[in-house]
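Colleague: Here it is, the structure, as structure tokens.
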Amino acid sequence: MQTQTAQTNHISDIIKVMNGGIEFYQEATTKLDNTTYQAFFDRMISAKEEAVAELQKFAVQEDGYPESDTSNAVKARQAYTKLLSKISSDSTFTYVDQLEEVEDKVLDEIDSALEKKQAQDCEVTLQRVKVRMKECHDEMKALKVTAQH
14 MQTQTAQTNH
24 ISDIIKVMNG
34 GIEFYQEATT
44 KLDNTTYQAF
54 FDRMISAKEE
64 AVAELQKFAV
74 QEDGYPESDT
84 SNAVKARQAY
94 TKLLSKISSD
104 STFTYVDQLE
114 EVEDKVLDEI
124 DSALEKKQAQ
134 DCEVTLQRVK
144 VRMKECHDEM
154 KALKVTAQH
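For the sequence shown, the working numbering puts the final residue at 162, and the numbers step up evenly by one.
If you want it as structure tokens, here you go:
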């Protein structure tokens with residue numbers, strides 16, 4: 014019984030930003046020696062991987078295939094690349110600051126998707142993912158304050 018006629022919108026873009034964030038967190042774990050940060054970053058990676066897994070079926074509905082790319086999040090990826098090429102491994106605050114910016118971008122992309130007409134199950138999933146990504150953002154913001162001191 015196929016009653017799903019509503020479309021999904023902007024889901025692939027969210028996944029691309031999250032994939033970029035996952036890569037950036039993975040890079041940060043290799044650059045920062047502090048095991049506290051590594052455990053924290055691993056939690057952020059896991060939260061994004063779970064969200065991507067939940068959103069993939071909607072990306073398939075949207076585009077006909079699962080989304081694995083990161084390149085469409087051009088502005089975010091450019092910022093990551095510039096940052097990673099310029100900073101040294103002892104730049105903890107810079108990493109934390111930029112990762113908090115990534116969390117902002119993720120929330121912006123989810124909000125953009127929620128402003129569009131979505132299939133009901135997609136909207137429910139987006140709301141659930143938004144709650145988790147807001148928690149990630151708030152944790153990263155608190156870590157940023159701690160890293161400043």
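Every residue gets a Cβ at the ideal spot worked out from N, C-alpha and C, and that includes glycine.
With a cut-off of 8 Å on the beta carbons, I'd call L112 and I123 a contact; round off their distance for me.
Modeller: Here residue 112 is taken as the residue at index 99 of the sequence shown, counted from 1. Here residue 123 is taken as the residue at index 110 of the sequence shown, counted from 1. Not really, about 17 Å apart at Cβ, beyond 8 Å.
Colleague: Between which residues of its own chain and A72 is the CB-CB distance below 7 Å, once the five residues before and five after are set aside?
Modeller: Residue mapping note: residue 72 aligns to position 59 of the sequence shown, counting from 1. Result list for A72: I24, S25, I28, P79 and E80, in chain order.
Colleague: For K44 and G33, what's the separation of their Cα atoms in angstroms?
Modeller: Indexing the sequence shown from 1 puts residue 44 at position 31. Indexing the sequence shown from 1 puts residue 33 at position 20. Spanning the two alpha carbons is a distance of roughly 17 Å.
Colleague: Thinking C-beta only, is D110 closer than 8 Å to K157?
Modeller: For the purposes of this step, residue 157 is taken as the residue at position 144 of the sequence shown. For the purposes of this step, residue 110 is taken as the residue at position 97 of the sequence shown. Yes. Within cutoff.
Colleague: Which residue comes first and which comes last in the alpha helix (DSSP H) that contains N32?
Modeller: Reading the sequence shown from its first residue, position 19 is the one you call residue 32. I24 to K44 is the extent of the alpha helix (DSSP H) around N32.
Colleague: Can you give the Cα-Cα distance for T49 and A60, rounded to whole angstroms?
Modeller: Translated into the one-based positions of the sequence shown, residue 49 becomes position 36. Translated into the one-based positions of the sequence shown, residue 60 becomes position 47. Cα to Cα, T49 sits roughly 17 Å from A60.
Colleague: Roughly how many angstroms lie between the CA atoms of E152 and A64, to the nearest whole one?
Modeller: As a first step, residue 152 must be located in the sequence shown, where it is residue number 139. As a first step, residue 64 must be located in the sequence shown, where it is residue number 51. Roughly 17 Å between the two C-alpha positions.
Colleague: Starting from S125 and walking both ways along the alpha helix (DSSP H), at which residues does that stretch end?
Modeller: For the purposes of this step, residue 125 is taken as the residue at position 112 of the sequence shown. From DSSP, the alpha helix (DSSP H) with S125 extends over T105 to L127.
Colleague: Is the beta carbon of E116 sitting closer than 8 Å to the one on C149?
Modeller: Taking the first residue of the sequence shown as position 1, residue 116 is located at position 103. Taking the first residue of the sequence shown as position 1, residue 149 is located at position 136. Going by C-beta atoms, E116 is nearer than 8 Å to C149.
Colleague: Could you pull out every residue in the same chain whose Cβ sits closer than 6 Å to the Cβ of D82, ignoring the five residues on either side in sequence?
Modeller: The residue given as residue 82 occupies position 69 in the sequence shown. Same-chain partners within the cutoff: K29.
Colleague: Only counting the same chain, and skipping five residues up and downstream in sequence, which positions put a Cβ closer than 6 Å to that of C135?
Modeller: The count along the sequence shown starts at 1 and reaches residue 135 at position 122. Here the set comprises T21 and F71.
Colleague: Using 8 Å as the threshold, is the C-beta distance between F106 and Q161 below it?
Modeller: Numbered from 1 along the sequence shown, position 93 holds the residue referred to as residue 106. Numbered from 1 along the sequence shown, position 148 holds the residue referred to as residue 161. Their beta carbons are under 8 Å apart, which means F106 touches Q161 by this criterion.
Colleague: Could you pull out every residue in the same chain whose Cβ sits closer than 6 Å to the Cβ of T18, ignoring the five residues on either side in sequence?
Modeller: In the sequence shown, the residue the question calls residue 18 occupies position 5. For T18, the predicted structure reports a pLDDT of 49, less than 50, and the residue's modelled location is therefore unreliable. The matter cannot be settled from this model.
Colleague: Once the 5 residues before and after V137 are set aside, which same chain residues still bring their CB inside 7 Å of it?
Modeller: The count along the sequence shown starts at 1 and reaches residue 137 at position 124. Result list for V137: empty, nothing under 7 Å.
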